[in-house]
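Asker:
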Amino acid sequence: MSDQTATLRIGVDVGGTNTDGVLLDPFATSGTSRGILSWHKSPTTTNPSQGIENVITTLLANAKVDALRIASVTIGTTHFINAVVEKDQNRLAPVAVIRLCGPFSRDVYPGIDWPDDLRNIICQYFACVDGGLEVDGQLIGTVKEIQIEEQCKIIKAKGIRSIVVNGIFSPSDLVERQEERVSEWISKYYPEAAVVVSKQVANLGFLERENAAILNASILHFAQRTIASFQQAIARLHLSCPVFLTQNDGTILQAHLAARLPIRTFSSGPTNSMCGAAFLVKDKEKHSMLVVDIGGTTTDVGMLLASGLPRQASAVTEISGVRMNFSCPDVKSIGLGGGSIVRRSTATSKMTVGPDSVGHYIQESAIVFGGDVPTTTDYAVASQPQLSIGNASLVASAFTHVDVEEHKAVVRQMLETIVDKMKTNADDIPVLLVGGGAVIAPDTLKGASRVIKPDFSGVANAIGAAIARVSGTVDTMVSTLDKTSQTTLDEISAVAIDRAVENGAIRETVQIAEMDLIPLQASCFHLYIANKARVIVKAIGDFDFSKVSLASSTFSSGISESEEQVTEKDPLQNGTVDRPPFDIATYKPLVNEKREWIVSEADLEWISVGCYILGTGGGGTPYPHFVRMLEAQNAVYAQVGSKPHAVIALEIGGGNGLQGMLLGASTNMDIPTVDGDWMGRAYPVSWQITPVALGGDQAHFLPTAISDGNGNEMLMTTAKTEIMIERAFRAALAEMGSHVACAKGPCSGKNAKAWVVENTISLAWRIGRTVALCRARNEIDSVADVIIDQVGGPNSAKVLFKGKIVAVDRKMFKGHVYGEVVIAAVDAAVEGEKYVFKGKMKIPFKNENIVATVVDEEGKEQVVASVPDLICVCDTNSGEAIGTPEYRYGLLVTVIGMQASEKWTSTARGIEIGGPGAFGLDVEYKPLGVFSKPRSVIDEYYQERRVYHQPNESTRNAQTMPFKHL
């Protein structure tokens, strides 16, 4: 091989405090040096290009390597996520959101569930205009240029220069291209604005996609300046190689694409560190471990699996309290780093560390370097004078022994808390310590079997960047007509492989890393759209050095050299701080003198979590639309001639469990909601309800109406059975956009009392509160047990299985998704683990989970639970439910079984329409346990209402968005 062959890789990680770099020979990684020819660490400069230039110059000089041998430069950075974590108003621009939605989503404003201070910085304007698509691709409405022109005038007058365009179901818009057209109109009427099109940022999931687009828009100007400065540094070094940035999944992104989509780099810092850490210990460590990466501003912790790959987060990722639908490694961050500012609270005199940091000003501001700001590095040097950092004599008299010991205790507690939060069980686990700020960490940690710090650990992030691979991803809506699922996946996989090759991968090395086919759910009827599916495929391969091209690094920002300096906030100025969380354990819901439960924001959040768990895989994630339900209900009221005394949800499962409260709390209704429902769970069809099981086959709720919320309604005034009503409405559903709301007619109080599954909203609240409490106490590993306690104890519920999803099969039939998920027990049982399982569990589903069957290691099968009992699959890492559309390979799950209400199990008719036979399965129903009636929240807290003359601080913090009576 010629000395001038371009095969060497440079990895650079630009952190908030330090810029790290490595020069790596990928053909010499088996040696003791791991192929690392040189490495360098220097403080991050205000102008990041200068830091990158200095690092690369030093790398080449130390290794005595010619620039012609460099095949690629890959840069990872925490700049963009740090701007969000620190809530820096100098780097976060205000954003305007234009929704293409017609009458929908108007009651759910952007950032509705964000932390208050972050929302106040970013979410500055919100407008709803015509446009948007139904789930099956039909138009809600066409976009109108005159509306966009008007909105541009308003937004420009407000001085907002970042605009998000978000259309309902825009990822499926391949023909109208509404978001793209609106973007062109904005550029026409407001050319100075930066426009972010939501479907280019994230995937299906309206609010999560919008959240990601808003954050992307907020950091867009800052990111463009930053990436431009990166490229200008490479140009000045005369390197003839492409420039990449690392993405959240550890693969690389072309620089010009990263400048448009900086949010895809949000988790690249910790991902690089995890991949670099795996590279450093790959021959010595063959089991799972936690990687703790301590930088200058944050500490990032993730689980490194035995495979050497980071553990993936569940379907929804949360960053700084903002939910997004990215596929990212499961990484949690805290504001602890080498530059974290240390203070004492004026109110409590207790020492606090971070979350703000002096960042790259550490050599100017930290005491050990002659500054006057106490940082964690100063305290580390004070306790370890042998460290070769700054001037140890400057801190020798700056802190008392008590101060130093208290600082150690605070840092230890912060690290042990985040380590405990990331573990999946109570047993100790190896901790791999990396990052330049690792000097602040103790040598031992509670929860760690040992703390490992490998050679080159200080630049693990740069190593991860240097070894990153190339990916090609396809996330699309396809027709499955006349095709098998495998044929569809094969076709899309071929496209993903081609995209990886286009991005620079060697075709022979490309492998499919992710693959999923998800039928599209259509409505509250649980109908799925026939012959339509969302397909997600990701292919990953090695970089092809024989096809080096500058094309992948071409990016013109329009920024001159004089504008190159990146403006950042003064790190010594305190930013806003989140309101302290209220005490979940002492919180009490408000029940008034009329025995009405006034639902707070916290109550609603917990009810939502509980509803999804009780949904047994179905019911839809609790992010519903208001307009369809309101219009359908108004049609029923008009026909009946009066409003009801109360409303009740059809089922408690998933988003449908919130429909009663949404309707009752609307400005036009103001009607209480009954604490109960007609299922006590979720079922795939609307006639699988207790009124039919207990009251006969006739139509019980007439008139019944459906509405698409866009001016189209259908009313059925007479019918023989509830089954016939559903069949008629399902036939109309496809012509109404495949997504409607259904409102059923009145029911007498006498019948409601006889048929209702009581206190299910109370049960959802208790389950959700339990999950929140376990998170707050870092006890997620015990969440299954406490959920069982809320359901009635071990006689009423039990853990059926724990393991990892290893296979998912789905198929469509008559508007429902049929399929099966297979869960394999963890290979090696952990000592002390309460629940130890072997073999596999198979769960067939029809929208919801039907039967749970354990298959032992010899292939013998045993049914351990079946409908009407509840089979709930929960994310082991978060405690929250995973719906059947979200089942995918690799998720760690816990399966909980709950005994169904006696309203289902006490009669043969109930078992007939709600048991396994109703789903075509030849399985005999055997009760899982004894049903325990949920305790009413109203009954419990009405007795204590007299203490609520003045809400306590925890209640005041929680009840920021009151809802109507329950």
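According to the UniProt record's numbering, the stretch in the sequence shown is residues 1 to 966, in order.
All C-beta atoms, glycine included, are put in the ideal place defined by N, C-alpha and C.
1) Could you check the C-alpha separation between residue 42 and residue 781 for me, to the nearest Å?
2) Quick one: what's residue 39 bridged to in DSSP?
3) According to DSSP, simplified to helix, strand and coil, what is residue 578?
4) Which residue comes first and which comes last in the beta strand (DSSP E) that contains residue 976?
5) Comparing C-alpha positions only, which one of 58, 422 and 741 sits nearest to residue 876?
6) Grab me the residues of residue 485's own chain with a C-beta within less than 6 Å of its C-beta, minus the 5 sequence neighbours each way, in chain order.
7) Between residue 618 and chain D, is any beta-carbon pair separated by less than 7 Å?
8) So the beta strand (DSSP E) residue 862 belongs to, where does it begin and stop?
9) Rounding to the nearest angstrom, what Cα-Cα distance links residue 438 and residue 251 in this structure?
10) Please state the DSSP three-state secondary structure of residue 257.
11) If you reduce the DSSP assignment to three classes, tell me which class residue 15 lands in.
12) Tell me the rounded alpha-carbon separation between residue 375 and residue 340.
13) Leaving aside the five residues before and after residue 292 along the sequence, list all residues of the same chain whose C-beta is less than 6 Å from its C-beta, in chain order.
14) Would you mind reading off the limits of the beta strand (DSSP E) that contains residue 714?
15) Taking the alpha carbon of residue 406 as the reference point, which residue from 383, 132 and 169 has its own alpha carbon closest?
16) Could you tell me the boundaries of the beta strand (DSSP E) in which residue 163 lies?
17) Cβ-heavy atom distance between residue 493 and the ligand GTP below 6 Å?
18) Pair every Cβ in the region 921-934 with every Cβ in the region 894-907, then say whether three or more of these pairs are closer than 8 Å.
19) In angstroms with no decimal places, state the Cα-to-Cα distance between residue 557 and residue 193.
20) To test your reading of the DSSP string, which unbroken alpha helix (DSSP H) runs of 4 or more residues are found completely within the region 748-793?
21) Starting from the Cα of residue 254, find the closest Cα among 615, 111 and 504 and give me that residue.
22) Touching or not, the region 460-472 and the region 19-34, by the rule of three or more beta carbon pairs under 8 Å?
23) Inspect the CB distances between the region 180-200 and the region 44-57 and report whether three or more fall short of 8 Å.
24) What are the residues that DSSP puts in a beta bridge with residue 293?
25) Kindly provide the ranges of any beta strand (DSSP E) runs that are 3 or more residues long and lie completely inside the region 436-511, ordered along the chain.
26) Can you check which of these residues, 460, 922, 776 and 859, is closest to residue 295 by C-alpha distance?
27) Which first and last residues belong to the beta strand (DSSP E) in which residue 708 is found?
28) Do residue 809 and residue 819 have their C-beta atoms closer together than 7 Å?
29) Opposite residue 677 in the DSSP bridges: which residues?
30) What do you get for residue 109, buried or exposed, if any count of 16 or more other CB atoms within 10 angstroms of its CB means buried?
31) Within a Cβ cutoff of 8 Å, which residues of the same chain sit near residue 219, ignoring the five residues on either side of it in sequence?
32) Would the beta-carbon of residue 322 fall within 7 Å of that of residue 391?
33) Taking the straight line between their C-alpha atoms, what separation do you get for residue 404 and residue 849?
34) Would you say the region 164-177 touches the region 96-115, given that touching needs at least three Cβ pairs under 8 Å?
35) What would DSSP say about residue 240, mapped onto helix, strand or coil?
36) From residue 714 to residue 722, what distance separates their C-alpha atoms?
Answerer: In brief:
1) Spanning the two alpha carbons is a distance of roughly 40 Å.
2) DSSP lists 22 as partners of residue 39.
3) Below a pLDDT of 50, predicted positions are generally treated as unreliable, and residue 578, at 36, falls in that range; the measurement from the model is reported next regardless. It is coil, neither helix nor strand.
4) This structure cannot settle anything about residue 976, because the visible part of the chain is limited to 1 through 966.
5) Taking only the C-alpha atoms, the option nearest residue 876 is 422.
6) Hits under 6 Å: 517.
7) Of the protein chains in the structure, only one exists, and it is not chain D.
8) Per DSSP, the unbroken beta strand (DSSP E) holding residue 862 starts and ends at 861-866.
9) Going from the Cα of residue 438 to the Cα of residue 251 covers about 25 Å.
10) In the structure shown, residue 257 sits in a helix (DSSP, three-state: H, G or I).
11) The answer is coil: DSSP assigns residue 15 none of H, G, I, E or B.
12) When only Cα atoms are considered, residue 375 and residue 340 end up about 5 Å apart.
13) For residue 292, where only same-chain residues beyond five positions count, the Cβ hits under 6 Å are 301, 431 and 433.
14) Residues 713-716.
15) The option with the nearest alpha carbon to residue 406 is 383.
16) Run containing residue 163: 162-167, per the beta strand (DSSP E) assignment.
17) By its list of ligands, the structure shown contains no ligand whatsoever, and the ligand GTP lies outside what it can speak to.
18) Contact holds: three or more Cβ-Cβ distances are below 8 Å.
19) Interpretation of residue 557 is limited by its pLDDT of 48, a score under 50 that renders its predicted location unreliable; the figure taken from the coordinates is listed afterwards. Residue 557 and residue 193: Cα-Cα distance of roughly 14 Å.
20) As far as the region 748-793 is concerned, its whole alpha helix (DSSP H) runs of at least 4 residues are 749-755, 760-776 and 783-791.
21) The residue with the shortest Cα to Cα distance from residue 254 is 504.
22) Using a C-beta cut-off of 8 Å, the region 460-472 makes contact with the region 19-34, since at least three inter-stretch Cβ pairs fall below that distance.
23) The answer is no - the region 44-57 does not touch the region 180-200, with fewer than three Cβ pairs under 8 Å.
24) Residue 293 has 300 and 434 as its beta-bridge partners, per DSSP.
25) For the beta strand (DSSP E) assignment, the uninterrupted runs of no fewer than 3 residues enclosed by the region 436-511 are, from N- to C-terminal side, 448-452 and 469-479.
26) Comparing Cα-Cα distances from residue 295 to each of 460, 922, 776 and 859, the minimum goes to 460.
27) Residue 708 -> no beta strand (DSSP E), and no H or E assigned at all.
28) Between residue 809 and residue 819, the C-beta spacing is below 7 Å.
29) DSSP lists 649 and 757 as partners of residue 677.
30) Residue 109 is exposed by the Cβ-count criterion.
31) Once the five neighbours on either side are set aside, the close Cβ partners of residue 219 are 80, 83, 84, 91, 92, 93, 262 and 263.
32) Going by C-beta atoms, residue 322 is not nearer than 7 Å to residue 391.
33) So the alpha carbons of these two residues sit roughly 55 Å apart.
34) By the criterion of at least three beta-carbon pairs nearer than 8 Å, the region 164-177 is in contact with the region 96-115.
35) In the three-state DSSP reduction, residue 240 falls in the coil class, being neither helix nor strand.
36) Cα-Cα distance, rounded: 16 Å.
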